[in-house]
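*Asks:* Quick one: structure below, then a few questions.
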Amino acid sequence: MKIEIITIGNELLSGKTINSNAQYLCKTLLKFGYSTLYTSVYQDEKKELVNGIKIALKRADLLIITGGLGSTIDDNTKKIVTNFLKIDLKFSEDIAADIEKRFGCIASIEEQATIPKSGDVFKNEIGTAPGFAFINSGKALILLPGVPVELEDMFEKHGLAFIQKNFPLKEKDFQEIINICLLPEIKIDNLLRTIDLPDDVTLGIYPSAGFVQVSLTTKALNKNEAIKKISDIKNKINLEFADYIYISEDGKIERAIHDLLIKNDEKIAFAESCTGGALSSKIVAIAGASKCFLGSFITYSNDLKKNILKVSEKTLSDHGAVSIPTVKEMIKGVFNLTDATYAIAISGIAGPSGGSAEKPIGTISLAIAKRGDEIDVGFLHLRGSLKGTRSMIIESVVNIAFGILYRKIAHNLTYFVK
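Shown next, in the form of structure tokens:
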């Protein structure tokens with residue numbers, strides 16, 4: 007079965023909006039055993055969209071179109087698709103009444119309650135624009151709203167059921183993700199190249215700042231069969247990189263750290279300078295973070311480093327804010343002020359200004375420790391690989407710090423101290 011996704015919106019092509027709908031649909035479809043073969047983006051313009059639909063229906067069995075179902079002047083998808091399929095429209099009193107009940111007498115009720123005379127109608131329980139599904143000449147089309155929360159709710163309540171009814175699978179696509187921290191892509195790729203893959207198993211490698219994800223994908227009748235197919239490959243990867251692999255239900259290392267800390271009944275706290283709370287924000291985004299996270303001291307200025315964390319004037323004068331002695335005193339300050347089991351201290355130069363010949367942009371001093379243990383402390387030099395962009399440097403610092411912390415908690419391993 008071949009699936010294509012078309013996302014519609016000028017804002018997607020201008021770069022103003024990230025195409026999260028395509029990502030969500032591909033990920034959700036795969037979770038239920040369906041692989042997406044193509045994705046494309048079009049303006050909300052009749053000629054281009056019709057051409058895109060023609061191309062998609064030639065090469066795909068199922069076409070999912072998102073966006074352009076609303077009531078604004080540039081929302082034309084419903085009319086374009088129904089004209090293409092030669093399906094007339096009708097006014098639905100039931101949908102109009104439902105919209106008025108939930109939102110009052112809004113100007114767009116007539117437009118939103120005008121639906122195709124044939125096909126399935128998906129109720130929008132969050133917004134106003136219903137979705138639709140059609141079977142046409144053996145091909146299926148699904149139209150979904152572009153607002154992510156509306157799309158996700160509608161797809162999970164109606165879209166998936168339509169797909170499973172019309173395209174039941176004998177064999178499903180199963181995917182296993184292995185999350186690896188702190189190792190370069192090339193080292194992981196070198197191992198993957200030595201693995202003899204069965205014909206029905208594919209490998210993928212997806213690097214990001216501080217992390218690499220390895221995917222193992224296969225077709226199988228059920229999950230147990232899929233596990234058998236990929237088990238040897240997974241074991242080889244696990245054996246080689248065991249100390250760098252983290253387990254997380256959502257693929258995020260902060261979730262893995264959170265779960266370990268709660269399991270061990272332990273706490274963390276941070277002292278952040280150049281990251282400005284980026285570490286903290288990742289942790290507090292997890293429900294229940296208060297069970298393991300005590301807080302973070304955002305000591306951006308030297309005065310706060312001295313007054314709150316008790317970093318000495320002499321240390322700052324002799325070594326500067328971005329130095330090993332400074333972050334060591336910062337982390338000691340965290341332990342003195344809290345009952346944290348683990349702490350992280352970060353001070354660095356994220357740019358775009360502030361660098362020097364001795365400490366260029368991308369120079370980061372980082373300390374991580376467990377209470378009572380030797381402080382694992384050292385420098386990161388990030389500009390060369392990241393071209394000095396501030397946001398990328400901060401993201402990388404956070405990810406690397408979490409990777410080091412995870413390995414400390416899970417395996418009692420250090421990064422700088424050998």
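Here the numbering used here is used: the first residue of the sequence shown is 7, the next is one more, and so on. Backbone N, C-alpha and C define an ideal beta-carbon position, used for all residues, glycine too.
Using a Cβ distance threshold of 8 Å, determine whether the region 199 to 207 contacts the region 226 to 241, with at least three qualifying pairs required.
*Replies:* yes
*Asks:* Measuring CB atoms only, is the region 116 to 131 touching the region 44 to 54, in the sense that at least three cross pairs come out at less than 8 Å?
*Replies:* no
*Asks:* Would the region 314 to 322 count as touching the region 332 to 340 if we require 3 or more Cβ pairs under 8 Å?
*Replies:* Touching, yes.
*Asks:* What residues are listed by DSSP as bridge partners for E10?
*Replies:* Y44, L69
*Asks:* Report the partner residues of C187 according to the DSSP bridge assignment.
*Replies:* F217
*Asks:* Counting beta carbon pairs with one atom in the region 156 to 175 and one in the region 127 to 136, are three or more of them shorter than 8 Å?
*Replies:* yes
*Asks:* Could you tell me which residues DSSP puts in a beta bridge with K129?
*Replies:* Note: K129 sits in no beta bridge, so no partner.
*Asks:* Write down every uninterrupted run of the alpha helix (DSSP H) in the region 278 to 316 whose length is 4 residues or greater and which is fully enclosed by it, in chain order.
*Replies:* Qualifying alpha helix (DSSP H) stretches, in chain order: 284 to 290, 308 to 313.
*Asks:* Between S286 and F422, what straight-line distance do the alpha-carbon atoms span, to the nearest angstrom?
*Replies:* 23 Å
*Asks:* Please list, in chain order, all residues of the same chain as S114 whose beta carbon is under 7 Å from its beta carbon, the five residues on each side excluded.
*Replies:* Hits under 7 Å: S77, T134.
*Asks:* Say yes only if the C-beta of V403 is nearer than 7 Å to one or more non-hydrogen atoms of the ligand SAM, and no if none qualify.
*Replies:* You won't find the ligand SAM in this model; it holds no ligand whatsoever.
*Asks:* Taking the alpha-carbon of H387 as reference, which of S214, S329, I350, S296 has the nearest alpha-carbon?
*Replies:* S329
*Asks:* With DSSP as the reference, label L267 as helix, strand or coil.
*Replies:* helix
*Asks:* Considering only their Cβ atoms, is the gap separating L267 from I239 smaller than 8 Å?
*Replies:* no
*Asks:* Quick check: the Cα distance between S143 and L197, rounded to an integer number of angstroms?
*Replies:* 47 Å
*Asks:* Could you round the C-beta distance between A429 and F140 to whole angstroms and report it? I think they count as a contact, below 8 Å.
*Replies:* Coverage of the chain is limited to positions 7 through 424, which leaves residue 429 absent and any answer about it impossible.
*Asks:* Tell me whether R21 is buried or exposed, calling it buried when 16 or more other Cβ atoms sit within 10 Å of its Cβ.
*Replies:* Strictly speaking, residue 21 in this sequence is Gly, with Arg absent from that position. Answer is exposed; the Cβ neighbour count stays below 16.
*Asks:* Near E99, which residues of its chain fall below 8 Å by C-beta distance, leaving aside the five closest residues on each side in sequence?
*Replies:* A119
*Asks:* What are the boundary residues of the alpha helix (DSSP H) that S353 is part of?
*Replies:* Element bounds for S353: not the alpha helix (DSSP H) but the beta strand (DSSP E), 348 to 354.
*Asks:* Let me check one thing: in DSSP terms, what residues is E272 bridge-paired to?
*Replies:* DSSP lists no partner for E272.
*Asks:* Please confirm whether N425 and Q49 have their CB atoms less than 8 Å apart.
*Replies:* Only positions 7 to 424 of the chain appear in this structure, which leaves residue 425 out of reach.
*Asks:* If you follow the beta strand (DSSP E) that G384 is in, where does it begin and where does it stop?
*Replies:* 382 to 387
*Asks:* Using only CA atoms, which one of E278, S279, H264, K273 lies nearest to I292?
*Replies:* H264
*Asks:* Rank G165, A363, V56 by C-alpha distance to the C-alpha of K84 and give the top, closest one.
*Replies:* The residue with the shortest Cα to Cα distance from K84 is V56.
*Asks:* Can you grab the Cα-Cα spacing for the pair S362 / I355, in whole Å?
*Replies:* So the two alpha carbons sit approximately 10 Å from each other.
*Asks:* Return yes when the Cβ of G39 is within less than 8 Å of the Cβ of D179, no when it is not.
*Replies:* yes
*Asks:* Helix, strand or coil, according to DSSP, for G137 in the structure here?
*Replies:* Residue state, collapsed to three classes: strand.
*Asks:* Rounded to the nearest angstrom, how far is the Cβ of F217 from that of N405, given a contact under 8 Å?
*Replies:* 6 Å
*Asks:* By Cβ distance, which residues of its chain are closer than 8 Å to I105, with the 5 residues on each side in sequence left out?
*Replies:* Within the same chain, I105 has close Cβ partners I112, I115, Q118, A119, T134.
*Asks:* Leaving out the 5 sequence neighbours to the left and right, which residues in its chain are closer than 6 Å to T347 when beta-carbon positions are compared?
*Replies:* E272, K273, R377
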